[in-house]
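Trainee: Protein chains in written order, with the numbering used here: chain A, 1 to 333; chain B, 334 to 666; chain C, 667 to 1175; chain D, 1176 to 1496. In this text, a Cβ means the ideal position worked out from N, Cα and C, and glycines have one as well. As the structure is a prediction and not an experimental result, all values here were calculated from the model. Below: one structure in structure tokens.
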Amino acid sequence: MKRVFDTQLIGPFAAMVIVAVIVALTTDRFLNPGNLSNLFLQVSIVALIAIGATVVIFAAGIDLSAGSMVALLTMILAQMLKFMGIPLVLAIPLILVVGGVFGLVLGLITAYGRIPSFITTLAALIALRGLALTFNNGSPIFSLDPALEPIFYGKIAGIPMPAFYLLFFYGLAAFTMNFTKLGREIYAVGGNPAAAVLTGINVKKVQTITFVVAGFMTAVGAILMSARLNSGSPNYGQTLELQAIAAAVVGGASLAGGRGNILATFMGAMTIVIVQNGLNLNAAPSSVQNIVLGLIILLAVGIDMWRAEISTLMARILGRGKGAEAAPRRKEA
Amino acid sequence: MKRVFDTQLIGPFAAMVIVAVIVALTTDRFLNPGNLSNLFLQVSIVALIAIGATVVIFAAGIDLSAGSMVALLTMILAQMLKFMGIPLVLAIPLILVVGGVFGLVLGLITAYGRIPSFITTLAALIALRGLALTFNNGSPIFSLDPALEPIFYGKIAGIPMPAFYLLFFYGLAAFTMNFTKLGREIYAVGGNPAAAVLTGINVKKVQTITFVVAGFMTAVGAILMSARLNSGSPNYGQTLELQAIAAAVVGGASLAGGRGNILATFMGAMTIVIVQNGLNLNAAPSSVQNIVLGLIILLAVGIDMWRAEISTLMARILGRGKGAEAAPRRKEA
Amino acid sequence: MTTQADTPLWEFVDISKAYPGVLANDKVCIRLMPGSIHGLLGENGCGKSTMIKTLSGVQQPDSGTILHNGRPVVIADPQAARDFGIATVFQEFSIVPTLSVGENIYLGNMPRSRFGIVNWRKIHADAAAVLAEMNVDIPTEAIAGSLSVGEQQLVEIAKAVAINAKMIILDEPTAALGEDEIERLHQLLRAMRKRGTAILYVSHRLDEVERIVDEVTILRNGRVVRASGETEINVAQIVSAMVGEDIGEHYPKEQNASDEVVFEARGIATRAGVAETSFSLRKGEVLGLGGVLGSGRTEIARAIFGTDELTAGELVLNGAPVRFRREIDAIEAGIALVPENRKYDGLFFNFRASGNITAASLGGLSRFGVLNLRAEERATHDLIRDLEISTQAEEKTVNFLSGGNQQKIVIARWLFSNAQILILDEPTQGIDIGAKIAVYKLINQLTRAGKSIILISSDHDELLAMSDRIAVVQHGAVRRIVPASELGHDDLVRASADPAETPKEEAFA
Amino acid sequence: EDYPVPVPLAEGAQAPIAAITPVNETFRIAYMPPATEFNYYIAIGEGIKSVAAEEGVEVFMLAPQSGADINGQMGMIQDVLTQDVDAIIFGTHDEFAAAPLLKQAVDKGMAVVMINSDIPNFPTPIHGVVGYSQRNGTHKIADWAIETYGDKPLKVGIIEGQPGYHSTERVGGFLDGIEGNANFDVVVSIDGKWNVEGGNTAGMDILQSHPDLDLIFAANDYMIIGASFAAKALGRSDIVLLGNDGDTSGLEEIAAGNVTATVNTSPFLMGKAAMHATIDALQGSYPGGWIETPTSIEDKDGAIAVLQEPEKLFPLPSKTY
Ligand SMILES: Nc1ncnc2c1ncn2[C@@H]1O[C@H](COP(=O)(O)OP(=O)(O)OP(=O)(O)O)[C@@H](O)[C@H]1O
Ligand SMILES: Nc1ncnc2c1ncn2[C@@H]1O[C@H](COP(=O)(O)OP(=O)(O)OP(=O)(O)O)[C@@H](O)[C@H]1O
Ligand SMILES: [Mg+2]
Ligand SMILES: [Mg+2]
């Protein structure tokens, strides 16, 4: 467990707590239980998609396609439920498979086609939204299936369903990254792909798998989105990929790959959502929300990057001389 | 001149011509002079912003902020013209300075703050649009100044004004990149920053300059956008940064930095616009436009990446044995 | 025809491998016997690493047969190679800098429980045991990227040792090691040989080849020019076989030193570890810096070059104190640094020779910021001709050139900048004997022209032969300066690695 | 009266007014439009605020920036649900997404009023709907166009908004209006993404592919303003340009002669009506139902007349007319 809850979590955890305390000080509505359970609803979709985004980043890739893929998948799900008469119990696994297959295609193009993932997924960001628009003449499909809503809004023992998905998928992801061959291979591929090849790791396969994971988690997010909004729309999920990447980055994942803790991504996502919640509770305009989110991203990465300088500075302020130890420098991504 | 029009231009130029021929075959409206002059109007804003995006990419950075910065700058310009009574002749240089200063700030954070440019400009992408929304309650500002429109729609000797801006700025950029110390240093920094430091190049300064260029060119784009729509709006320029990057990439710039020809970016932008124009002339829905644009990006990079394999294949098809020469491989970005 | 004991463990027959445009291996045959150290030698680009990649399952040969204990087999991938008991230390670092030392050692081969769960305790315990066996003191929890280059190379070797292989392949394992570390590696290899391990060994350091290798195969242009047993293990014979001609003196040293002091370091120190270092450099002199791995020679170079800020002391150039706030100040004062890793710190692979050669002199090559491209081409052309660099360099980007040509281009950069003082940090690392001699001749040419050189080299023979005086560096400080002629190989080893003064964490325990 | 007499909602769509239980002494009301990107909703908000100031009621606005960000809007509604808010005045691009959350709001005793809509059967019962008839407004402008230009054959282009209720209704109303008129020939219909930039691009595109267009109808004022620049650029000053909204900037463009006419829907007045109705609902004096706010067709003269009454507009005109 020491391995899962390692020191890399301290920073993101501290950031989350500090932000929560600040928000709690500005409004007493924050700590109200109803609001706390809201946080899980709010964070769920982006946090689940961020698992995939983070795994791709661990392997030194980037996935810009999630937002458009969510739109496309909600449209496909809506099409299946509303116009093709496919029952929900069948449609859901099908969507998960479709998401995985999209990820597989992106992964194959990236890994075996040797195209930088930024390009592959940028192309997908553009093309998949186009594809989403080809369904139902580009109109949203509303009112899908009453059984869909409880998937998002349901509760078990008073705990909102999304909390369980988060627990399950983050648990699985943390286990995989820390205790399985695949997880370690992902870090190795991200840390030094050339070395990974020479140690017999099938780098292209591992890279491809990370995109399959991303596609699958995007499908999970798309199902929750459909359930929350009981509809599919080619406009859904705009900038969701950036939010997912932001969560990973605020959680300390290095865009250069090979470094980071998947649980920190959850904390990154929570930090962002707590800030947004706090701004909502204080009725801040959306302009302020954007500005604050931008600054948080910058600050989170900045603090991580300047750790050595900051600790030197702290040491100096505390009068302890040059006690600070230099942290290994991140590579520029 | 051999240096400016080098072999790197052949591919993007061929792509542009092939696409133009295909479009011309599908509709006889394409070669109509009115339509051709329209192409310059269509391409101008994205092609001018793409100069900055490309220069940043040459130095191995990435600029995601252009779209939001356009929105903010159109709002600032509108504010100045409409509510602050600043005359146009003063407002335009001011906006160029403001754009340059925004670029400077992003460059300083990236280079001296050692934050990956993806992060800096992602934060800016989010925050600058928020900042744009703080002007005029987030509402667009219309009917700015009658003298603004001719900047975009005016003609000299029947040639639309944007053609002159393109000529001027691409000329200047091509000259700078190929014939000046700064241009060479940009390529050096993008090619190997560590080596650049050891050859006495001020890497941080050069990186910062590329962002100043990007900010300045974004301001040029914003002025044209304001002139085109005679208004400012916090919604303008959405995904413009991606279109600019797409132009650079279709033109063959390597995201890993150090490689590419600035004039090829113009051809990349033209290729994209010709395809869109062709689809419009054939009344294709916007869904198809997105899908085709995604595929073009993928194909352009793919062909560049697989050059060695393709020429081997061609040689084999033409029965010339293994005459193919190895092309330098791009690094994965 | 042979006895059982003479059956090769591995036999590689007529292995060919082409890359686009080059036939890197042309019907290469090698026989590897258990309990024997087999040298695979040849000039840069002759196909050694290509052969090794094929043997390690990284790539498949275009044609040829591989026999394991006499039976034909296919080494499908690196995992298959490992299953055959083959362990490889590759020329390119295959350390993952973001992972721990322990994990690196077992990467691709992690001990796991029945349910496929990674057994971290076992990884660290076993890794610690391997490092102990190698007599290396590195914590297994350390992040590999934070280690020094030499330590990383040792972890690299530990990866191969950990497999307990029947055959171990080492591709230039000593390029980043000092004399002391090399000796320890040799001890380890001798122990393995005794255990019956087959060893394939690649090095451009022919002196160490002479010391350890039992038999050699020599390649030229992808072909075997001397098979095992056809050449005696002595440097002169090996060299003539490699290069195809007799090259005479290996260290063509010229004495060009004068008495005029051009540069002085007076008690300089930096945060990177340089402590109270003083020395002087004379016109036309080669001052060698000798020391063990991590003794801080590179750091002294960085301090002189303005990369690291001085915290004490001063630099004196031509009698006047100077202060370099960054590299460009040093360059403008006529100081040059050829970094120890040309690939990461030296070359611009996106440029042809011209861009690489002029990179440090763009200011002088331009007026009002506009470059004089014609002058650039002319100067490049002349330097390529004078330094006998491959003329391909004029048209193609430098990633197509051999290591020796690449190194010459980095040095040419400083000839073009007209530097008066050149710091050469491991200038012959990883380049073949022919290219080394070219670099030595270049050093002579420079000193003859009145330029001064600070030479950092871990090849003691080279350092002793090419230097006028040698400064012994320990813990970031010059301990003493001796004329090279008064120092023998053994003296240098002893002087630089005085065990009484070497704290445990600095070198091998 | 502050607003026209409400029309009853569809069977089962009316939430009981009596069940509204305000929790605050001074009412606290959330105004939650689908996006801040449309000036239109800001204008409605100003109407709401002006009444709030008169009546001493607290009101705050919470909305995502983009109308496409429905997920973001749902998050905001959720955040408001856990607060001590007495009423929600909302508009949304996805009724079905909002329904479950608004049901919770109704169940909690909040007053829930939908703005800028004419939907009689919201998926969950709510207390009121305020807005003009989307279909009638554009039907009227079609009638006006037939009357003004219908004496000769016209080729018509349509710029739709992004697909959804508003686009369907407005375009549908226009098509209903020209239905059966032999002189109106719709030759092209494309998406202008509701904004000026999109309208400009769409205008450029349809004028290039159909250089013979005589009339363009766009589903909002922003898009027709964008299209007007395209027409000007292509030297088509003769083309008839019709919009919808009565946005101040739209009216000013009409007054300047750049756009021909629009459906004036007076968002500022709509906001005032909605706020009055909401306060009445909280005080139990609102009967429930749909308040239809009036629309009118304004050409150049009409637009100038409207602009001469700046107190009914937001934002204020850029000059006095
Ligand atoms: N991946 C590759 N693609 C194309 N050519 C290659 C590749 N790898 C090696 N080569 C070429 O194959 C030839 C043999 O290279 P190899 O690396 O085997 O030489 P080497 O003997 O190991 O040289 P050195 O002593 O410098 O390490 C060289 O001409 C080299 O440029
Ligand atoms: N740019 C750099 N930034 C941080 N650390 C560096 C840098 N360059 C070198 N070092 C570190 O400095 C330490 C000492 O370097 P090194 O081992 O090369 O010493 P040295 O005495 O110069 O040895 P040699 O020259 O024999 O290789 C190493 O840990 C190395 O990683
Ligand atoms: Mg080699
Ligand atoms: Mg060194």
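Would you say residue 184 (chain A) lies against chain C (beta-carbon separation less than 8 Å)?
Mentor: yes
Trainee: Got a sec: is the Cβ-Cβ distance from residue 1483 (chain D) to anything in chain A below 8 Å?
Mentor: no
Trainee: What residues come near ligand 1, if near means a beta carbon less than 5 Å from any of its heavy atoms?
Mentor: That gives C:685, C:688, C:690, C:710, C:711, C:712, C:713, C:714, C:715, C:716, C:1069.
Trainee: Between which two residues does the alpha helix (DSSP H) carrying residue 436 (chain B) extend?
Mentor: 421-444
Trainee: Using a 10 Å radius around the Cβ and a threshold of 16 neighbouring Cβ atoms, would you call residue 1155 (chain C) buried or exposed?
Mentor: exposed
Trainee: Less than 8 Å between the beta carbons of residue 1069 (chain C) and residue 1096 (chain C), yes or no?
Mentor: yes
Trainee: Tell me whether residue 1072 (chain C), by its Cβ, gets closer than 7 Å to a heavy atom of ligand 5.
Mentor: Ligand 5 is not part of this structure, which contains only ligand 1, ligand 2, ligand 3 and ligand 4.
Trainee: Leaving aside the five residues before and after residue 1459 (chain D) along the sequence, list all residues of the same chain whose C-beta is less than 8 Å from its C-beta, in chain order.
Mentor: 1192, 1193, 1195
Trainee: Could you tell me whether any Cβ in chain D is nearer than 8 Å to the Cβ of residue 330 (chain A)?
Mentor: Annotation note: pLDDT 33 at residue 330 (chain A) (below 50); position unreliable, coordinate value reported separately. Interface annotation, residue 330 (chain A): not in contact with chain D, CB-CB separation never under 8 Å.
Trainee: Who are the Cβ neighbours of residue 848 (chain C) in its own chain at under 7 Å, not counting the five residues just before and after it?
Mentor: 840, 874
Trainee: When Cβ atoms are compared, which residues of the region 365-380 of chain B fall closer than 8 Å to chain D?
Mentor: 367, 368, 371, 374, 375
Trainee: Between the alpha carbons of residue 1144 (chain C) and residue 1032 (chain C), how many angstroms are there, rounded?
Mentor: 40 Å
Trainee: Give a yes or no on whether 8 Å exceeds the smallest Cβ distance from residue 238 (chain A) to chain E.
Mentor: No chain E is part of this structure, whose protein chains are labelled A, B, C and D.
Trainee: For chain D, check one thing: does any of its Cβ atoms lie closer than 8 Å to the Cβ of residue 616 (chain B)?
Mentor: yes
Trainee: Please list, in chain order, all residues of the same chain as residue 346 (chain B) whose beta carbon is under 7 Å from its beta carbon, the five residues on each side excluded.
Mentor: 600
Trainee: Is there a C-beta anywhere in chain C that falls below 8 Å from the one on residue 324 (chain A)?
Mentor: For residue 324 (chain A), the predicted structure reports a pLDDT of 35, less than 50, and the residue's modelled location is therefore unreliable. A value from the coordinates is still provided. Contacts with chain C at 8 Å (Cβ-Cβ) do not include residue 324 (chain A).
Trainee: Any idea what DSSP makes of residue 1117 (chain D), helix, strand or coil?
Mentor: Because residue 1117 (chain D) is not part of the residues shown, which for chain D are 1176 to 1496, the question remains open.
Trainee: With a threshold of 8 Å between beta carbons, is residue 1061 (chain C) in contact with chain B?
Mentor: no
Trainee: Could you pull out every residue in the same chain whose Cβ sits closer than 7 Å to the Cβ of residue 952 (chain C), ignoring the five residues on either side in sequence?
Mentor: 1109, 1113, 1119, 1121, 1132, 1133, 1134
Trainee: Are the region 468-486 of chain B and the region 998-1016 of chain C in contact at 8 Å, needing three or more beta carbon pairs?
Mentor: no
Trainee: Apply the 10 Å Cβ neighbour rule to residue 817 (chain C) and answer buried if 16 or more other Cβ atoms are within range, or exposed otherwise.
Mentor: buried
Trainee: List the endpoints of the continuous beta strand (DSSP E) containing residue 326 (chain B).
Mentor: Lying outside 334 to 666, the shown extent of chain B, residue 326 (chain B) is not represented and no answer is given.
Trainee: Reducing DSSP to helix, strand and coil, say where residue 1279 (chain D) ends up.
Mentor: helix
Trainee: Counting only Cβ pairs nearer than 8 Å, list the residues of chain B close to residue 289 (chain A).
Mentor: Under the 8 Å cutoff, chain B gives 463.
Trainee: Determine the contact status of residue 1400 (chain D) and residue 1417 (chain D), defining contact as a CB-CB distance below 8 Å.
Mentor: No; because the gap between Cβ atoms is not below 8 Å, this pair is not in contact.
Trainee: Report whether the distance from the Cβ of residue 757 (chain C) to the nearest heavy atom of ligand 3 is below 7 Å.
Mentor: Yes, Cβ of residue 757 (chain C) sits closer than 7 Å to a heavy atom of ligand 3.
Trainee: Can you confirm whether the region 1380-1398 of chain D touches the region 1280-1291 of chain D when touching is taken to mean that 3 or more C-beta pairs between the two stretches lie within less than 8 Å?
Mentor: no
Trainee: May I ask whether a heavy atom of ligand 3 can be found less than 7 Å away from the beta carbon of residue 837 (chain C)?
Mentor: True, at least one ligand heavy atom lies under 7 Å from that Cβ.
Trainee: Three or more C-beta pairs under 8 Å: does that hold for the region 618-627 of chain B against the region 124-134 of chain A?
Mentor: yes
Trainee: Excluding the 5 residues flanking residue 538 (chain B) on each side, which residues of the same chain have their C-beta closer than 8 Å to its C-beta?
Mentor: 444
Trainee: Going by DSSP, name the residue or residues bridged to residue 200 (chain A).
Mentor: DSSP output for residue 200 (chain A) lists no bridge partner at all.
Trainee: Counting only Cβ pairs nearer than 7 Å, list the residues of chain C close to residue 533 (chain B).
Mentor: 993, 994, 997, 1026
Trainee: Consider the Cβ of residue 1491 (chain D): report whether some Cβ of chain A lies at a distance smaller than 8 Å.
Mentor: no
Trainee: Note down, in chain order, every chain C residue with its Cβ under 9 Å from the Cβ of residue 530 (chain B).
Mentor: 973, 992, 993, 1011
Trainee: Residue 838 (chain C) to residue 821 (chain C), Cα distance in whole Å?
Mentor: Distance from the CA of residue 838 (chain C) to the CA of residue 821 (chain C), rounded to the nearest whole angstrom, comes to 14 Å.
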